[in-house]
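I have placed the structure first, in the form of structure tokens, so that the comments after it can refer back to it.
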Amino acid sequence: MNKRYYFAILEGDRRQNVLYELLTAGGYEAQILPDCSRWKEENLPPPGAVLVTASASPALRNAAEKAGFRLLEYGALPSFQRENGVITAEGALQIAMRHRLRILRGSHALVIGWGNIGKPLSAMLQALGVTVGVAVRREEQLWQVQAEGYRPILSGTLEQEAGEFDLIFNTAPALVLTEAVLEQLHPRALVIDLASRPGGVDRKAAERMGVKSVQALGLPGLLTPVSGAIAIQNAVEQLLKEEHHDK
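With the working numbering, you'll find the sequence shown wraps up at 306, consecutive numbering, no jumps.
As structure tokens, this is what we get:
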């Protein structure tokens with residue numbers, strides 16, 4: 060990247076702090092900024108600074124334009140989503156072992172969702188000797204799941220299928236683990252919800268029924284901030300290269 064870039068990093072979790080360290084160690088000027096509602100003009104980077112954020116709200120977009128920043132949103136970049144998915148999947152295994160207090164080998168795990176998190180998570184579980192089922196929304200995805208050696212399940216049949224698993228990971232951003240599904244779970248089942256808020260688990264029903272459910276959000280920032288920051292740095296470099304080639 061061009062060493063003349065000045066990076067403004069919107070604060071978040073520990074990944075942003077590590078990103079700042081990576082950029083400054085690489086010879087770039089950088090600054091961590093608070094939420095745009097707390098910006099003070101005298102403390103801002105110079106106009107032309109590259110503002111790094113996963114995605115920009117209308118308020119942030121307006122504030123960046125007013126300050127003369129170049130907005131760089133990395134969250135929708137496919138390569139970042141894939142890399143972040145792998146990091147999240149590995150973190151999910153850490154959460155599972157922490158709350159189960161036993162090894163994963165020999166378990167029967169259900170992964171709900173076949174995307175950037177679900178695919179690497181299923182592969183990691185299988186490599187550890189776990190019998191894996193994968194729930195998908197569309198029938199045409201069933202053969203893909205089966206071809207990878209997993210048990211294919213349609214999300215619409217979870218009420219009939221979920222009781223056979225002692226470990227359930229949800230990656231789908233929709234309420235899929237309803238009260239009706241939770242009622243069918245194995246008594247010692249552990250549910251790990253990786254979906255963004257409000258998640259895919261009826262948490263009130265889970266608590267009422269005594270189902271052990273963990274909402275595990277932001278795992279890259281929580282458990283592996285260095286790897287998470289490197290993923291962001293890679294995304295920033297790719298976006299800036301693409302900008303340069305488009306000119």
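Yeah, the Cβ is synthetic: ideal placement off N, Cα and C, and Gly gets one too.
Going by DSSP, which residues form a beta bridge with residue i?
i	result
Ser272	Val250
Tyr65	Glu88
Asn102	Note: Asn102 sits in no beta bridge, so no partner.
Leu110	Ala67 and Leu130
Ala168	Val191 and Leu226
Arg210	Gly192
Leu82	According to DSSP, which records beta bridges pairwise, Leu82 is partnered with nothing at all.
Val260	Leu236
Among the options, which one has its Cα closest to the Cα of residue i?
i	options	result
Trp98	Gly85, Ala67 and Tyr79	Ala67
Ser138	Lys300, Glu220 and Asn293	Asn293
Leu92	Glu198, Phe128 and Glu301	Phe128
Ile171	Leu136, Leu201 and Leu110	Leu201
Ala248	Glu207, Gly215, Ala233 and Leu160	Leu160
Gln274	Gly259, Val285 and Pro284	Gly259
His158	Ala233, Met268, Lys300 and Ile251	Ile251
Ala186	Glu199, Glu207, Glu88 and Leu234	Glu207
Leu82	Tyr64, Val270, Gly107 and Phe224	Tyr64
Lys125	Glu100, Ile146, Gly144 and Glu223	Glu100
Glu88	Asp94, Cys95 and Ala108	Ala108
Among residues of its own chain, excluding the 5 on either side of residue i, which ones have a beta-carbon nearer than 7 Å to its beta-carbon?
i	result
Glu238	Asp261 and Ala264
Val240	Leu217, Glu218 and Ala221
Gly134	Ala113 and Ser114
Leu130	Leu110, Ala115, Arg120 and Ala123
Leu298	Leu131, Tyr133 and Leu136
Ala148	Ile176, Pro179, Leu180 and Met183
Val204	Trp173, Val193, Val195 and Pro211
Tyr79	Ile68, Ala89 and Ile91
By the 10 Å Cβ neighbour count, where 16 or more other Cβ atoms means buried, how is residue i classified, buried or exposed?
i	result
Ser272	buried
Gly177	buried
Pro105	exposed
Trp173	buried
Pro246	exposed
Glu142	buried
Thr283	buried
Gly150	buried
Ala118	exposed
Asn229	buried
Taking 6 Å as the limit between beta carbons, can you name the residues of its chain near residue i, skipping five residues before and five after?
i	result
Gly323	It is not possible to answer for residue 323, since the shown part of the chain is limited to 60 through 306.
Tyr209	Ser181, Val191 and Val193
Arg196	Ser214
Gln90	Ala67 and Pro104
Contact defined as beta carbons within less than 8 Å: I believe residue i pairs with residue j. What is the distance between those atoms, to the nearest angstrom?
i	j	result
Leu226	Ser166	5 Å
Ala254	Ala290	The pair is not a contact, with the Cβ atoms about 19 Å apart (cut-off 8 Å).
Leu213	Ala194	7 Å
Ala168	Leu184	5 Å
Leu307	Val270	Lying before the first or after the last residue shown, residue 307 is absent from the chain, which here runs from 60 to 306.
Tell me which residues share the same chain as residue i and place their Cβ nearer than 8 Å to its Cβ, disregarding the 5 neighbours each side in the sequence.
i	result
Ile146	Leu278, Pro279, Thr283, Ser286, Gly287 and Ala290
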